[in-house]
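So the structure is just underneath, and the comments pick up after that.
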Amino acid sequence: MEKLRSNGTNFIRCIKPNSKMVDQQFDGNLSLMQLKCSGMTNVLELMEYGYPSRTSFNELHSMYKQYLPKELSMLSPKQFCESMLHALKLHDKDFKFGVTKVFFRPGKFAEFDSIMKSDTENLKAIVNQVKKWLVRARWIKAQFCALTVIKMKNLITYRNKQLIVVQKVVRGYIVRKKHGPRINTLRNIKKLNSNLAQIEQSAQQLKKDKDSVRNDINNLKTQFDAAIDRIKKDEKIDKATAENLYKSLSDKVNQQMTALQKKIQEQKIAEEQERLRKLQEEMERQRKLKEEEERRLREEEENRRLKAEMEARRKIEEEERRKQEEADRLLAKKLQEQHAKEEEEQRRIQEQEDQEKQDRELALRLAQESNGSIEESPPMIRKSEAHRNHQATMANSKYDLSKWKYSELRDTINTSCDIDLLEACRHEFHRRLKVYHAWKAKNRKRTIMDENERAPRSVMESAVKTPQRSVAQKPVLDNNSQRFFRIPFQRPGSDQSRRGWWYAHFDGQYVARQMELHPDKPPILLVSGKDDMQMCELSLEETGLTRKRGAEILENEFNKEWEKNGGSKYVRPADRK
């Protein structure tokens, strides 16, 4: 154990020659595999490519000192080794110098050793080569020293110049560090001016609020100038303050830019909406024009059809009227014959009554002379023609309205749903109007018609010529039809060139609305129930308007003029509550 402790411990790796564990048997593959697994082959490869032989300078010098002459033995170990190896012209890759040792490739140290231990003559040649190498090495070192001195001098000069550059750079760095935030802030603010120019250029696109945007831009320019003056004058301003100042200005510019872009976008949207609205209005106008044209064509077609129907109806009514007049003439002839017979009968009855009266007077006188008495016979009662006509009318009439008041007639016309009673009230009402206007014309002297003339003179003259019909006679025209007429109208004594128009709406046989239009006077609109005393009281048959060609118009034409001149919508009495 003492021996082991003195020598130190070593680890020995054993190689198993065979797997059977017998002697005198060697398995090469098994041994090679063990060497590879232990890493021995890799170590050998490294040693082959490396410098496995090594020795120190002192050992090498002491080993060959006895073989060297005095001038070489006096060299230092490291210098000796360098001079010997270079003098022997060994390749640089065959050896390497360390700090205290020299390293050889495999086999090179043995070659060096054989050279050093060769004969004396060969050793003299080696010594001469070493001397030459030492001279050349010293001369190279002298040149290197001179060159090094020159380089040192140039380096000192270069460093002096670079020192000035360093001082300049340092002073510049100090200045930039001190005033850099101000300079950067000024540079950034100048960049913001270009953004302001873009904002001002974009503001030219606005159509509204252009002045307010220009004022905001001017205010921002004023703030920029104030910020630049403050940064230039205040040398002690810190970086945070400068950055906050720039940030506030940048935020204002961004806000202004955002607001301007929003306004431009809203303006574009408004313009687009306006364009679309105009386009829609144009399309709507075209559609309405087309619909209006179609409606006008339909109305024209409908008007032509209605006018054709009116003309056909007028011809039918004219034919019926002609037949009615023929029947009236025959009836008048019969009535004349009957009237002649009645007159003859009346004359005979009158003669009989006169004879009876004479006989009675004679009998009375004879009775007075003979003091006798005579029985009186009742006188014969004669019925007048008017009384007979009235009785016939009352017999044929369902209602007796002769004793009704005007208010009762008007309320019945406005509220009643009985068609027969309503028609009877209207006949009685217009009969009374005729009597009133006849009395008024008889008791009032006038040379010309007054301003509130009830109807044109041609209508009034046609009524005089039209034969009167009793209520019992059936009219030619329908009592429930709505008829509209228009004829020229001129006041007596007025200018012949200023002719007006008279419009009449007949609800059945009588006027429901009438209107007078004059170029130099306001229109006169009259409605039944309110203006009866100024309206035409004649029936449709009496006016003779149906016999005038072109006098009848359509309902929409009358209503158009009526509403144009301020008239309200008409409601028939039968439809009123």
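Under the UniProt record's numbering, residues 1 to 577 are what the sequence shown spells out, in order. Beta carbons are placed, not taken as given, at the ideal position from N, Cα and C, and that holds for glycine. Here the structure is a predicted model, which means the values were calculated and not measured.
Between residue i and residue j, what straight-line distance do the alpha-carbon atoms span, to the nearest angstrom?
i: L422; j: V571; result: 15 Å
i: K334; j: D328; result: 10 Å
i: K131; j: A137; result: 10 Å
i: K569; j: E555; result: 12 Å
i: D234; j: I228; result: 10 Å
i: Y51; j: D23; result: 37 Å
i: T412; j: H430; result: 14 Å
i: M31; j: K16; result: It should be pointed out that residue 31 corresponds to Ser in this sequence rather than to Met. Going from the Cα of S31 to the Cα of K16 covers about 7 Å.
i: K3; j: C37; result: 32 Å
i: G180; j: A142; result: 53 Å
i: K101; j: R5; result: 30 Å
i: W133; j: K124; result: 14 Å
i: C145; j: S83; result: 20 Å
i: E326; j: L362; result: 53 Å
i: Q25; j: L85; result: 47 Å
i: L279; j: S481; result: 48 Å
i: R410; j: D532; result: 10 Å
i: I156; j: V166; result: 15 Å
i: K191; j: N184; result: 10 Å
i: E292; j: K262; result: 43 Å
i: Q66; j: A87; result: 18 Å
i: R13; j: G39; result: 11 Å
i: N18; j: F11; result: 22 Å
i: A312; j: E319; result: 10 Å
i: K330; j: R348; result: Per the sequence presented here, residue 330 reads as Leu, with Lys not at that position. In a straight line, the C-alpha of L330 is about 27 Å away from that of R348.
i: K264; j: R285; result: According to the sequence as given, residue 264 is Ile; it is not Lys. About 30 Å.
i: residue 578; j: T258; result: Because residue 578 is not part of the residues shown, which for the chain are 1 to 577, the question remains open.
i: V99; j: L75; result: 17 Å
i: L186; j: I174; result: 19 Å
i: N195; j: R176; result: 27 Å
Once you ignore the five residues that flank residue i on each side, which residues in its own chain have a CB closer than 7 Å to its CB?
i: R182; result: I231, I237, A242
i: D216; result: Q256
i: K434; result: E537
i: K445; result: Because the pLDDT of K445 is 49, which lies under 50, any placement of that residue in the model is unreliable, and the number read from its coordinates should be weighed accordingly. Nothing meets the Cβ criterion.
i: P69; result: V127
i: N559; result: none
In chain order, what residues of the same chain have a beta carbon less than 6 Å from the beta carbon of residue i, not counting five sequence neighbours either side?
i: T41; result: L35
i: F57; result: P77, K78, C81
i: W502; result: P456, I487, F489, E516
i: L525; result: M515, G567
i: E552; result: M310, F485
i: F506; result: R483, L540
i: A504; result: F485, V511, Q514
i: K315; result: none
Candidates the options: which alpha carbon is nearest residue i's?
i: Q205; options: L433, K70, L260; result: L260
i: R426; options: L545, E557, T415, Y510; result: Y510
i: K307; options: R54, K560, G550, L4; result: G550
i: E45; options: L364, R105, S76; result: R105
i: I126; options: K101, E71, C145; result: E71
i: N225; options: N254, N193, S202, K247; result: The residue you asked about is not Asn; residue 225 is Asp in the sequence shown. It is N193 whose Cα lies nearest to the Cα of D225.
i: T415; options: E302, E343, G529; result: G529
i: Q223; options: V253, Q66, L163; result: V253
i: R499; options: H518, R513, R314, G508; result: H518
i: R432; options: I164, E356, S407; result: S407
i: S248; options: E293, K290, R277, I189; result: I189
i: Q198; options: R214, R321, Q324; result: R214
i: Q267; options: R305, V135, D354, A203; result: A203
Which partner residues does residue i have in the DSSP bridge list?
i: V102; result: T55, F97
i: A504; result: F485, Q514
i: V527; result: R513
i: I553; result: F484
i: K521; result: H518
Counting only the same chain and skipping the five closest in sequence on each side, list residues whose C-beta sits under 8 Å from that of residue i.
i: R388; result: Low local confidence applies: a pLDDT of 49 at R388 is under 50, so the model's placement there is unreliable, with the coordinate-based value given in what follows. Closer than 8 Å at Cβ, skipping near neighbours: no residue.
i: T447; result: Per-residue confidence for T447 stands at a pLDDT of 37, beneath the threshold of 50, marking its modelled position as unreliable; no derived number is given.
i: G172; result: none
i: L60; result: P77, F80, C81, V102
Check whether the region 539-549 and the region 454-461 are in contact - that is, three or more C-beta pairs closer than 8 Å. Verdict: yes, contact present.
Below 8 Å, how does it come out for the region 210-227 and the region 142-150: are there three or more Cβ pairs, yes or no? Touching, no, given that fewer than three Cβ pairs across the two stretches are closer than 8 Å.
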